[in-house]
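Residue numbers 1 to 71, in UniProt numbering, belong to the letters of the sequence shown in order.
No residue lacks a Cβ here, since even glycine has one placed at the ideal position from N, Cα and C.
Presented below is the structure to which this report refers.
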Amino acid sequence: MDLRPEIPRCCPSTMARIMRRCWDANPDVQPEMDEVVRLLEALDTSKGGGMVPEVKHPALDTSKGGGMHGA
(Lines of atoms letter the chains of each structure in order from A; the text may use other names.)
(Lines give C-alpha, C1' and ligand atoms only; values in the text may rest on other atoms or scores of the structure.)
Protein backbone atom coordinates (compact mmCIF):
# COMPACT_ATOMS: atom_id res chain seq x y z
CA MET A 1 0.00 0.00 0.00
CA ASP A 2 1.39 3.40 -1.03
CA LEU A 3 0.76 5.94 1.72
CA ARG A 4 2.63 8.78 0.08
CA PRO A 5 0.56 11.90 -0.63
CA GLU A 6 -0.35 12.87 -4.18
CA ILE A 7 1.94 15.51 -5.63
CA PRO A 8 -0.15 18.57 -6.51
CA ARG A 9 -0.33 19.47 -10.22
CA CYS A 10 0.95 22.96 -9.36
CA CYS A 11 4.19 21.46 -8.04
CA PRO A 12 7.12 22.26 -10.34
CA SER A 13 8.44 19.15 -12.10
CA THR A 14 11.93 19.65 -10.69
CA MET A 15 10.57 19.62 -7.15
CA ALA A 16 8.32 16.65 -7.91
CA ARG A 17 11.35 14.65 -9.10
CA ILE A 18 13.15 15.36 -5.82
CA MET A 19 10.08 14.29 -3.85
CA ARG A 20 9.73 11.05 -5.82
CA ARG A 21 13.39 10.18 -5.25
CA CYS A 22 13.01 10.81 -1.51
CA TRP A 23 9.90 8.63 -1.42
CA ASP A 24 11.30 5.76 -3.48
CA ALA A 25 10.59 2.37 -1.91
CA ASN A 26 14.20 1.40 -2.62
CA PRO A 27 16.42 3.10 -0.01
CA ASP A 28 19.39 2.84 -2.38
CA VAL A 29 17.63 5.28 -4.73
CA GLN A 30 16.76 7.77 -2.00
CA PRO A 31 19.22 10.69 -1.85
CA GLU A 32 21.19 11.50 1.28
CA MET A 33 20.03 14.62 3.11
CA ASP A 34 23.01 16.69 1.97
CA GLU A 35 22.06 15.92 -1.63
CA VAL A 36 18.42 16.84 -0.94
CA VAL A 37 19.54 20.19 0.45
CA ARG A 38 21.80 20.77 -2.57
CA LEU A 39 18.98 19.89 -4.99
CA LEU A 40 16.50 22.15 -3.21
CA GLU A 41 18.96 25.04 -3.08
CA ALA A 42 19.57 24.63 -6.82
CA LEU A 43 15.88 25.02 -7.73
CA ASP A 44 15.25 28.06 -9.91
CA THR A 45 12.69 30.15 -8.06
CA SER A 46 13.39 33.37 -9.99
CA LYS A 47 10.21 33.01 -12.03
CA GLY A 48 7.88 31.77 -9.33
CA GLY A 49 9.36 28.27 -9.36
CA GLY A 50 7.62 27.44 -6.09
CA MET A 51 4.22 25.88 -5.71
CA VAL A 52 1.44 28.21 -6.81
CA PRO A 53 -2.11 27.09 -6.08
CA GLU A 54 -4.31 26.69 -9.14
CA VAL A 55 -7.37 28.28 -7.55
CA LYS A 56 -7.47 30.81 -4.75
CA HIS A 57 -10.08 30.29 -2.09
CA PRO A 58 -12.22 33.47 -2.01
CA ALA A 59 -12.33 33.52 1.79
CA LEU A 60 -8.52 33.52 1.94
CA ASP A 61 -7.91 36.05 -0.86
CA THR A 62 -7.07 39.27 0.97
CA SER A 63 -6.19 41.15 -2.24
CA LYS A 64 -9.81 42.14 -2.85
CA GLY A 65 -10.85 42.95 0.67
CA GLY A 66 -11.95 39.40 1.37
CA GLY A 67 -10.43 36.93 3.71
CA MET A 68 -10.13 36.95 7.43
CA HIS A 69 -9.22 40.65 7.64
CA GLY A 70 -11.57 41.92 4.96
CA ALA A 71 -14.50 44.31 4.99
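Contacts around residue i, its chain only, beta-carbon distance under 6 Å, and the 5 residues preceding and following it disregarded
i: P31; result: R21
i: M15; result: none
i: N26; result: none
i: L40; result: none
Residues of its chain near residue i, where Cβ-Cβ distance is below 7 Å and the 5 sequence neighbours each way are ignored
i: M19; result: I7
Supposed contact pair residue j and residue i - C-beta distance, whole angstroms, cut 8 Å
i: R4; j: W23; result: 5 Å
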